[in-house]
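Chains as they are written, first to last, in the numbering used here: chain A, 1 to 99; chain B, 100 to 582.
C-beta: ideal position from N, C-alpha, C; glycine also.
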């Protein structure tokens, strides 16, 4: 399977990931090789198989929902402490709306 | 305490030393920190130390001892924690430039539990960036060197945690495993590494890589210490809805049970291509199991050949969503060169992530993108069902499965870094157990003629850590580690 450089740029766009031209070229070759390997799965007929979305095991029934009770949460100061830019209790980002 | 004493400490020896008054927890913490800091340049296994936190934890242990209270099963034990597990107030970088300055506002549940049990966290260990890798060479802060052979990798992604336990700069350590990241480095460094049943240990505070596959688990120099550490961190946690309700048995009480008559399966798919010296070590390990009275029989796990493709589709898909949160808004690093919001996202991520993370984000985004979801992601989830079913069928016939951990022992730094697919293929023996969500562990099983450690993998049914530990312990007692 070949992944063209344009396809790489399209996927990088979906992933919000800036790639250099060098990275685009390398990614095109590497993804192609890896995806070719993954095509191996097509040897298997899985029409009658349920997808395994999570690990399942024999277990007794449990109440997985906790009681709806108030508890301690992170304060906004702690939550903002790692922000590259914050102010007035908010995360700051570059301007989104043009005037 | 001498360096030689610190290097080989067990949990039991720490307990005896404390109760006999040979050292206090603070004295031990100070000596262990000094030793670890002096040794670290040899391996680069610790990324940072947290002496204040360590000494505070040690003081609490000493206070309890002085007051005649129970200081907990891990009292005073020097512990290392992989740097993808959150420690409040102590930098947690995930081996990434992106989180170089990230200081978590809360502790992981496993960290809280091990400190409540008296454990003393010395520092955080190096790893592949966001736990993505099999050699520890994807760390933004330089690779870890294998303490057994410094020109070789320690394995990955929990290479630092395996290395500190092998080097003796911690008694036990926490790692994380998604497709082999505890077992493979344990095998490369010659220590015990345990991946418990999925959900056995809370993932709260484990930085997410692939949520349906991520585990926290212990490293130790013997089976008893590994079982004890798991005992401390295991159990339901309301903060992780996928953590299991199943009661945690007393692993230590059942460690010495009989293994004669135990049915042990060898999957033929795992042995057919195993021609390296590692294979010879595993064969000697199997002979030891026979001497212990285990009934060895050949079994088949027919979908083994599809596991790598299946795993790398699922884990990259989940990684691409989990890593979407690193967008320059909340987590410390933002690109300095961006006018618009969209540029800010793209540049922050492009500058922050290393090559392997970018590759996996790209693969994951590709397999989830419109038109490819059914062909790759859904297909892989169905194949995962087949792989899990292979194991449940096998466990009707046998009580445990024994396999190699890795096709080869620790390789040289730089040897495999240029070919990502070849690196992925080396995970073949560990990712099947991860996909099925069953408990698996690596125990030392002799060394190659060059002196490189080889690991044997033991896998059991969901939540049968007890059976797994018992077999591993019998193997250890029979001299299996030093074959």
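Alpha carbon to alpha carbon, what distance is there between residue j and residue i?
i: residue 162 of chain B; j: residue 50 of chain A; result: 55 angstroms
i: residue 324 of chain B; j: residue 110 of chain B; result: 6 angstroms
i: residue 35 of chain A; j: residue 524 of chain B; result: 13 angstroms
i: residue 553 of chain B; j: residue 250 of chain B; result: 17 angstroms
i: residue 168 of chain B; j: residue 123 of chain B; result: 15 angstroms
i: residue 303 of chain B; j: residue 208 of chain B; result: 6 angstroms
i: residue 235 of chain B; j: residue 166 of chain B; result: 44 angstroms
i: residue 194 of chain B; j: residue 243 of chain B; result: 11 angstroms
i: residue 505 of chain B; j: residue 33 of chain A; result: 23 angstroms
i: residue 273 of chain B; j: residue 96 of chain A; result: 42 angstroms
i: residue 429 of chain B; j: residue 450 of chain B; result: 16 angstroms
i: residue 565 of chain B; j: residue 359 of chain B; result: 15 angstroms
i: residue 283 of chain B; j: residue 510 of chain B; result: 12 angstroms
i: residue 483 of chain B; j: residue 534 of chain B; result: 6 angstroms
i: residue 400 of chain B; j: residue 408 of chain B; result: 16 angstroms
i: residue 259 of chain B; j: residue 310 of chain B; result: 22 angstroms
i: residue 361 of chain B; j: residue 394 of chain B; result: 6 angstroms
i: residue 254 of chain B; j: residue 522 of chain B; result: 11 angstroms
i: residue 202 of chain B; j: residue 286 of chain B; result: 31 angstroms
i: residue 431 of chain B; j: residue 86 of chain A; result: 11 angstroms
i: residue 125 of chain B; j: residue 141 of chain B; result: 25 angstroms
Tell me the DSSP secondary structure of residue i in three-state form.
i: residue 149 of chain B; result: coil
i: residue 664 of chain B; result: Here chain B comprises residues numbered 100 to 582, so residue 664 of chain B is not present and cannot be evaluated.
i: residue 226 of chain B; result: coil
i: residue 486 of chain B; result: helix
i: residue 55 of chain B; result: Outside the modelled stretch of chain B, which goes from 100 to 582, sits residue 55 of chain B, for which no answer is possible.
i: residue 333 of chain B; result: strand
i: residue 460 of chain B; result: helix
i: residue 34 of chain A; result: helix
i: residue 105 of chain B; result: helix
i: residue 271 of chain B; result: strand
i: residue 86 of chain A; result: strand
i: residue 470 of chain B; result: coil
i: residue 495 of chain B; result: helix
i: residue 292 of chain B; result: strand
Apply the 10 Å Cβ neighbour rule to residue i and answer buried if 16 or more other Cβ atoms are within range, or exposed otherwise.
i: residue 231 of chain B; result: buried
i: residue 387 of chain B; result: buried
i: residue 337 of chain B; result: exposed
i: residue 517 of chain B; result: exposed
i: residue 134 of chain B; result: buried
i: residue 214 of chain B; result: buried
i: residue 329 of chain B; result: buried
i: residue 245 of chain B; result: buried
Please confirm whether residue i has its beta-carbon closer than 8 angstroms to some beta-carbon of chain C.
i: residue 38 of chain A; result: Among the protein chains of the structure shown, namely A and B, there is no chain C.
> Taking the runs of the alpha helix (DSSP H) that are 4 residues or longer, which of them lie wholly in the stretch 373-421 of chain B?
Replying inline: 376-390 and 406-421
> Looking at chain B, which residues of the stretch 13-30 of chain A have a Cβ within less than 9 angstroms of any of its Cβ atoms?
Replying inline: 13, 14, 15, 16, 17, 18, 19, 20, 23, 26, 27 and 30
> When you check each C-beta in the stretch 475-494 of chain B against every C-beta of chain A, which residues fall closer than 7 angstroms?
Replying inline: 475, 477, 478, 479, 480, 481, 482, 483, 484, 485 and 487
> In the stretch 525-568 of chain B, which residue ranges form an unbroken beta strand (DSSP E) of at least 3 residues, counting only runs that do not cross its ends?
Replying inline: 539-546 and 552-558
> Counting only runs that start and end within the stretch 168-215 of chain B, where is the beta strand (DSSP E) found for 3 or more residues in a row?
Replying inline: 177-181
>> Short of 7 angstroms Cβ to Cβ, which residues in the stretch 41-57 of chain A face chain B?
In response: 41, 44, 46, 49, 50, 51, 52, 53, 54, 55 and 57
> Taking Cβ-Cβ distances below 9 angstroms as the criterion, which residues of the stretch 436-453 of chain B are in contact with chain A?
Replying inline: 437, 438, 439, 440, 441, 442, 443, 444, 445, 446, 447, 448, 449, 450 and 452
> Of the residues that make up the stretch 421-434 of chain B, which ones have a beta carbon closer than 8 angstroms to any beta carbon in chain A?
Replying inline: 423, 426, 427, 428, 429, 430, 431, 432 and 433
> Relative to chain B, which residues along the stretch 59-87 of chain A have a C-beta separation below 8 angstroms, given in chain order?
Replying inline: 59, 60, 62, 64, 66, 74, 78, 79, 81, 82, 83, 84 and 85
> If contact means a Cβ-Cβ distance below 8 angstroms, which residues of the stretch 338-364 of chain B contact chain A?
Replying inline: 340, 341, 343, 344 and 345
> Just by C-beta distance, which residues in the stretch 514-547 of chain B are closer than 7 angstroms to chain A?
Replying inline: 519, 520 and 536
> the stretch 558-571 of chain B: which residues have C-beta closer than 9 angstroms to a C-beta of chain A, in chain order?
Replying inline: 560, 561 and 562
> Closer than 7 angstroms, Cβ to any Cβ of chain A: which residues of the stretch 453-472 of chain B, in chain order?
Replying inline: 457, 458, 460, 461, 462, 464, 465 and 468
>> At a CB distance below 8 angstroms, what residues from the stretch 294-320 of chain B approach chain A? Give them in sequence order.
In response: 296, 297, 298 and 311
> Listed from N- to C-terminal order along the chain, which residues in the stretch 174-196 of chain B have their beta-carbon within a distance smaller than 8 angstroms of any beta-carbon of chain A?
Replying inline: none
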